[in-house]
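Taking it in order: structure first as structure tokens, then the write-up.
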Amino acid sequence: MDVPCVRVAPEAGEATRSTLADADLIDDEYEIAVDDGWLYVPVVDPDAARATLADDVEVVSRTVSARDQQTMPADLLEVAPSYERLGRAALIDEDDADRARAIADAVLESDLPVETVLNKASKVKGETRVRDWELLAGENTEVVHREYGCEFLLDLAAVYFSPRLATERHRVAEQVAADEHAFDMFAGVGPFVIPFAKRGAECVGVDINADAIDYLRENARRNGVEDQVTAINDDVRTVAAEYDGWADRLVMNLPHSADAFLESAVTLASGDCTLHYYDIQHEDDPFGPGERAIRAAAEPAYEVTVETRHTVRSYAPHELNVCLDVRLER
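Letter 239 of the sequence shown, counting from 1, is numbered 239 in UniProt numbering, and no numbers are missing.
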């Protein structure tokens with residue numbers, strides 16, 4: 001069967017395989033092939049593989065052999081456990097201590113490239129939206145996550161981060177042009193800011209969580225964009241006046257309460273600004289409340305055009321996480 005493969009010279013094979021494995025992009029159903037002096041690494045997402053490795057990486061369609069089945073956690077337990085991967089960490093959500101221990105042991109004994117297992121010990125809480133974790137395996141709660149060619153160091157116990165939004169972040173980042181002024185009002189460790197900067201934008205990221213801003217600065221350094229990123233630890237409502245009319249692109253990823261910051265967004269917006277506004281609403285009217293709030297804040301000073309109404313994911317029964325891509329023209 002033909003599958004997409006990264007074609008790479010043997011001397012770069014291990015580094016390429018390791019990078020793809022860290023990003024969870026290797027298609028484990030197939031063997032890595034060697035032919036005519038090249039290695040062929042099967043991948044699950046060719047576009048993500050190109051972004052993770054380099055823009056000029058060669059991805060080809062090729063017939064490769066099916067791999068002998070790997071040992072997975074489900075093979076070691078009576079039922080398939082639920083877990084989420086983040087770098088070399090597995091995240092689980094189990095109230096029963098014995099079951100949590102059994103899942104952690106199975107994950108470690110499996111063929112998954114996992115070194116750390118964390119069990120959720122609380123819901124997301126507080127102004128900084130962090131949660132408590134029970135460390136079942138590994139040294140600490142700090143992880144390295146890679147997505148679409150960017151690397152993020154973060155401490156899950158100190159900052160908020162969701163790997164489930166990687167595709168959405170990439171969707172937005174692809175719209176960014178070089179020399180834009182991009183402003184993330186709730187920047188976290190930089191999952192929007194860093195890819196924006198790598199596309200040539202000048203970026204400002206603000207967050208009220210001091211730990212998140214420390215990681216944002218470190219991640220800017222890791223990704224070679226520290227000269228393009230300004231990281232500010234503060235409430236964006238305090239900062240907005242300093243960047244009056246500066247932003248060509250604004251990200252407002254604070255569902256449930258982003259509407260409270262729209263006055264600051266209008267202050268930040270340039271004469272022609274694209275706003276990415278995230279919201280969580282009932283499925284009967286997922287976009288209406290956000291659009292009405294944006295119009296109330298921006299009109300008549302700005303002409304408001306909703307360019308995209310995009311459903312990001314299901315958030316809860318009958319609730320959707322959505323994004324409005326909105327153009328504000330003064």
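Glycine included, each C-beta is placed from N, C-alpha and C at the ideal position.
In terms of Cβ geometry, Ala178 and Gly200 form a close pair [threshold 8 angstroms]. DSSP, reduced to helix, strand and coil, places Pro255 outside both helices and strands of the structure shown, so it counts as coil. Here Leu262 is not near Ala241, since their CB atoms are 8 angstroms or more apart. Distance check between Val312 and each of Val189, Val306 and Leu320 places Leu320 closest, using alpha-carbon atoms only. DSSP places Asn219 inside the alpha helix (DSSP H), whose first and last residues are Ala210 to Arg222. Under DSSP, Ala33 forms a beta bridge with Tyr40. The secondary-structure analysis by DSSP pairs Trp133 across a beta bridge with Lys120.
Rounded to whole angstroms, the separation of the alpha carbons of Val306 and Glu291 is 8 angstroms. Assignment of Ala158 by DSSP, reduced to helix, strand and coil, places it in the coil class. Per DSSP, the beta bridge partners of Ile26 are Val43. Contact annotation, Val225 with Ser264: C-beta distance approximately 25 angstroms; criterion of less than 8 angstroms not satisfied.
In the assembly as shown, Arg146 is a buried residue. Its beta-carbon has 16 or more other beta-carbons within 10 Å. Residue range Glu303 to Ala316 is occupied by the beta strand (DSSP E) that includes Thr311. DSSP places Phe196 in the uninterrupted alpha helix (DSSP H) bounded by Val193 to Lys198. Contact between Gly87 and Val117 fails: their C-beta atoms lie close to 12 angstroms from each other, not under 8 angstroms. For Arg292, the enclosing alpha helix (DSSP H) covers residues Gly288 to Ala298. By the criterion of a C-beta distance shorter than 6 angstroms, Asp22 is surrounded in its chain by Arg146, once the five residues flanking it on both sides are discounted. Per DSSP, Glu139 has no beta-bridge partner at all. Burial state of Thr167 is exposed, judged by a 10 Å Cβ sphere holding fewer than 16 other Cβ atoms.
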